[in-house]
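Protein chains in written order, with this note's numbering: chain E, 1 to 424; chain B, 1001 to 1203.
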Amino acid sequence: MNTSAHPVAPEEVMAFLDGELSITEAEAISEHVKRCSECAGLAEQFHGTSASLSRWSVPIAPGIVEDAVEELTGKESSGEKIGKANIFIRASFWSWKQWTLWIGATTVGLAVLFAAAGSLDNRDAVHRDRLVRNVGRAGAPQSESDAYGTVGKLETGRNVISGQAGFNTSTEFAVGGTGPAPPVAGKVDSLVSVQAPMIARTVTLTAVTKDFAASRALLEAILARRHGYAAQMNVNTPENAPRSLQASLRIPTAELASAVGDLKALGRVENEAQSGEEVSQQHADLVARLKNSRETEQRLQAILTQRTGKMSDVLEVEQEIARVRGEIEGMEAEQKNLEHRVDFATVNLQLTEEYKAQLVAPTASVSTRMHNAIVAGLQNVSEMVLAIVLFFFEEGPTMLFLLAIFLPPLWIVWARYRRAMATV
Amino acid sequence: MNETPRKTEKEAQASPLSDEQLMAAFVKGSHAAFGELFSRYKQPLFGFFRRRAADAAHAEELTQETFLAILRGASRYEACALFRTYLYAIGFKILRAHRRRAAFRLAFLGKVPDYREAAVQDAAEAGLLIRQAVAKLGAIDREVLLLREFEELSYAEIAVVLRLPLNTVRSRLFRARTALHDLLAAPAGKQPVAELTESEEHV
C-alpha cells in the first residue's frame, strides 16, 4: 500500500472503522473515505477480514463450568478450602499471610542452619581444649614420644632448679637410649611431680594517662628497677590528637607480678589480659632432637678420624658434619629463645594520653578543600574504572570458559522450552 | 404496601446495573451480584479461552480458574478500570501461566497435551482456515487482533490487558489485519509477516 503523499494514513482509516477517533477526526476521515477509492478499498478489506473472522465460532460454554463455579462460590462463602484452585492462586496472588509464613519459615530455617554451624564450632573448641590439657598433663609415659616428653620436663628442671647433679646424669642416660628405657622411665616418673612446667607468660595492658611525659619517665624507672628492658617501643606524637605509646617489654618472670603492679600506676587501666603458654612439651622435644643431632655429629667425627677412604667419601662426611652442625646451631638458638621466653615474661603495653581537644583554626581554606575533594573524587572514579577493567581482564577468561561450558546446555534447554511454548 | 417492593424489583431488572456496580456490590458481599456477572461473562470468557487453549476441557478449567480468582481477589479490586478489562487481564495472566506449565511439561517431561478433540472440531471448514491463518500471526499481533475482534475491547483496554503502549496496539492491530487479509487471500503462499514477528513470545 503506497502511503506516500496520501493525506490519511491507513491506520487512521482502521481506527475510524473501530470507532477510536474523536468526532471531528471521524468526520474528516469519513469525508475522505467517501472520496478516496484507495481508502474505501482499504475499509472494504478490513470489513472483509472481520467478516471472515466472525466465522470462527465457539460452542456454548458447557453447563459444567457454571456448576463448578457455583459450587466454588458456595464453598468460598462457607469458608471451605478449595483444593486444586488454591495451588494456582498461591502461585500468582500471594496474600500477606502467605508472604509472612514464607518469610517466617525462611528465617527459622536460616536460624537452625546457623545454630547447627555454631554448635559444630563449639565442638571443635572443646576438642582443642581437651588436646591442650592432654599435652599439658605430665602423666606416665605411654609411648616413645611421651617418654621423650617426660624426659624433656626433667631437662627443664635442670634449667629451673639448679644443683641436682645426680638427677641430670640419669636424664642424659634416658635420652641417650634409642627407645624408651623402662627402668629409667620409672625413675623419671617419680621425679615428674617435683618439676615446675615451663610457661611463657604474656600480659597485655591498656592504660590512659593524664601526664604522658611523667608516665614515660616512670616506665623507664620501672624497667630499670625490675631488671627488664623494652624489646620494642613506638611513641606517636601527632598534632591535635592524643599522644600514644606502644611497647613490648621483657620482665624477668620472678618480678612480673610486682612489675605489673608498678605499671598499673602509670594511669587508669582500661584493659588487662594475662595469658600463659605452656612450652614444656615443645622444649622437651627440642632437647631430645638436639641430643640426637649431637650424637650423630660425634659419630661422624669418629668416622672421620678413625677410617680412611677415598677423598670423595671424606668430603661427603665433611658435608654431612656441616649439615648436622647447622641443625644443632639452629636448635640451640631455638632452645635459647624458648628459655628466654620462659625466663622473661612479655608485657605488651599500650599507653594513651587523655587528650583535651583544642580549638584550632582550619588549616586549609574552603576552596582548597573543595579542590582536594574534586581531585579525590576524580581519582576515585578513575580507580574504579581501572578496577572494573582489571576485574574483567582477571576474571574474564574464567567467565568465558564457564560460559562456554554452561551456555550450550542452557541454550538447548531454553530452545526446547521456546519450541514447546510455540506449540501450546 | 405490598406492591412497592415488587415495583422496585422490576425496575431493577428493567434497568440493569453496570458491571462495575455489580462488582462493587459483590465486594460488599452480594453473591447474587457475582452470579449476575458470571452469567454475563461466562460465554465471552469461555470463548476467550476456547480460541486460545488447545482444547475445550482446558478452556473450561481456565474459565473456572478466572472466576475463582475474581472471587478470591474481590477484596483487592479497585474500581479504577472497567470490570471487563480487569476480567480479561486476569484471564490473560491465567492463560500465560497455563501456557508456561504446558510448555514446561512438553519440553522437560515429554507430556504431550491431551487433545480430547481433534483440531477439526468446528463444523465449518472456513473456521478451520481462519484459525490456521490466525495461528500464523506473531504472538502479540494475534492477541491484539483477537482481543479486538472477539472480545471487542477498545484500543485502550487492549493496551491495559497486554501492557503495551496505545500506539503499539494500533500499529500491531493494523499489521495483524493486513497480514491476515494476505494470508486468507493466498492460503498456500508464503507468510512474511508471521516470520517477521516470531520473536515476540512474551505474550
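We put the beta carbon where it would ideally sit given N, CA and C, even for glycine.
Predicted model only: the values in this text are computed from it and were never measured.
| Query | Result |
| --- | --- |
| Are the region 1066-1079 of chain B and the region 1152-1169 of chain B in contact at 8 Å, needing three or more beta carbon pairs? | no |
| By the three-class DSSP mapping on this structure, what secondary structure does VAL160/E have? | With a pLDDT of 38 at VAL160/E, under the threshold of 50, the modelled position of that residue is not reliable, and no figure is offered here. |
| Select from ALA254/E, GLY261/E and LEU266/E the residue whose C-alpha is nearest the C-alpha of ASP211/E. | LEU266/E |
| Are the beta-carbon atoms of PRO397/E and SER280/E separated by less than 7 Å? | no |
| Beta-carbon separation of ALA230/E and LEU249/E under 7 Å? | yes |
| With distance defined between alpha-carbon atoms, name the residue in ILE23/E, GLU70/E, ALA26/E and SER37/E nearest to LYS1042/B. | GLU70/E |
| For a test of the three-state rule: what should DSSP assign to VAL58/E, helix, strand or coil? | coil |
| Does the separation of the CB atoms of LEU245/E and VAL260/E fall below 7 Å? | no |
| Out of ALA1176/B, ARG1175/B and TYR1155/B, point me to the one whose CA is closest to LEU1166/B's CA. | TYR1155/B |
| So with CB distances below 7 Å, who are the chain E contacts of TYR1077/B? | Those do not exist, as TYR1077/B stays about 12 Å from chain E at its closest Cβ, beyond 7 Å. |
| Pop quiz: ALA51/E and LEU17/E are said to be a contact at Cβ under 8 Å. What is the actual Cβ separation, rounded to whole angstroms? | Incorrect: roughly 13 Å between the Cβ atoms, too far for contact. |
| Identify, in the order they occur along the chain, each residue of the same chain with its Cβ nearer than 8 Å to the Cβ of ARG303/E, setting aside the five sequence neighbours on each side. | Residue identity check: residue 303/E is Ile in the sequence provided, not Arg. These residues qualify, in order along the chain: VAL317. |
| Give me the subset of the region 1132-1150 of chain B whose CB atoms are less than 9 Å from a CB atom of chain E, sorted by chain position. | ALA1133, VAL1134, ALA1139, LEU1145, LEU1146, ARG1148, GLU1149 and PHE1150 |
| Where does the unbroken alpha helix (DSSP H) through GLN306/E begin, and where does it stop? | 280-306 |
| Put TYR1115/B into one of helix, strand or coil per three-state DSSP. | Note that TYR1115/B scores 48 on pLDDT, short of 50, meaning its location in the model is unreliable; the coordinates nonetheless yield the value given after this. In this structure, TYR1115/B counts as coil in the three-state DSSP scheme. |
| Closer than 9 Å between beta carbons: that is the criterion. Which residues of the region 48-59 of chain E meet it against chain B? | GLY48, THR49, SER50, SER52, LEU53, SER54, ARG55, TRP56, SER57, VAL58 and PRO59 |
| Over the uninterrupted beta strand (DSSP E) stretch that includes PRO252/E, give me the two end residues. | 244-252 |
| Could you tell me whether any Cβ in chain E is nearer than 7 Å to the Cβ of GLY1047/B? | yes |
| With distances taken between CB atoms, is the gap from ALA207/E to GLU277/E smaller than 7 Å? | no |
| Within 10 Å of its beta-carbon, does LEU410/E have 16 or more other beta-carbons around it, so buried, or fewer, so exposed? | exposed |
| Less than 7 Å between CB atoms is the rule here; does MET14/E satisfy it with respect to chain B? | yes |
| Interface residues of chain E around ARG1051/B at Cβ under 8 Å? | TRP56 and VAL58 |
| Quick check: the region 1046-1056 of chain B against the region 1085-1101 of chain B, are at least 3 beta-carbon pairs closer than 8 Å? | yes |
| Look at the alpha carbon of MET1023/B and the alpha carbon of ILE60/E, and state the distance between them as a whole number of angstroms. | 24 Å |
| Check each candidate in LYS1028/B, GLY1029/B, ARG1040/B and HIS1031/B and name the one with the smallest Cα separation from ASP1019/B. | ARG1040/B |
| Looking at chain E, is there any beta carbon in it that lies within less than 7 Å of the beta carbon of PHE1026/B? | no |
| Opposite ALA213/E in the DSSP bridges: which residues? | None, per the DSSP bridge assignment. |
| Can you find a CB in chain E that lies within less than 7 Å of the CB of LEU1106/B? | yes |
| Are there 16 or more other CB atoms within 10 angstroms of the CB of LEU1173/B, so buried, or fewer, so exposed? | buried |
| Helix, strand or coil: which one does DSSP assign to LEU1184/B? | helix |
| Just to make sure I have the definition right: I need the residues of chain E whose C-beta is within less than 7 Å of the C-beta of PHE1038/B. Which are they? | VAL69 |
| At a cut of 8 Å, does the region 317-333 of chain E reach the region 285-301 of chain E through at least three beta carbon pairs? | yes |
| Mind checking if TYR1155/B is an interface residue toward chain E, Cβ cutoff 7 Å exclusive? | yes |
| Is DSSP giving THR107/E helix, strand or coil here? | helix |
| Who are the neighbours of ARG1177/B on chain E, taking C-beta pairs under 9 Å? | MET14, GLN45, PHE46, THR49 and SER50 |
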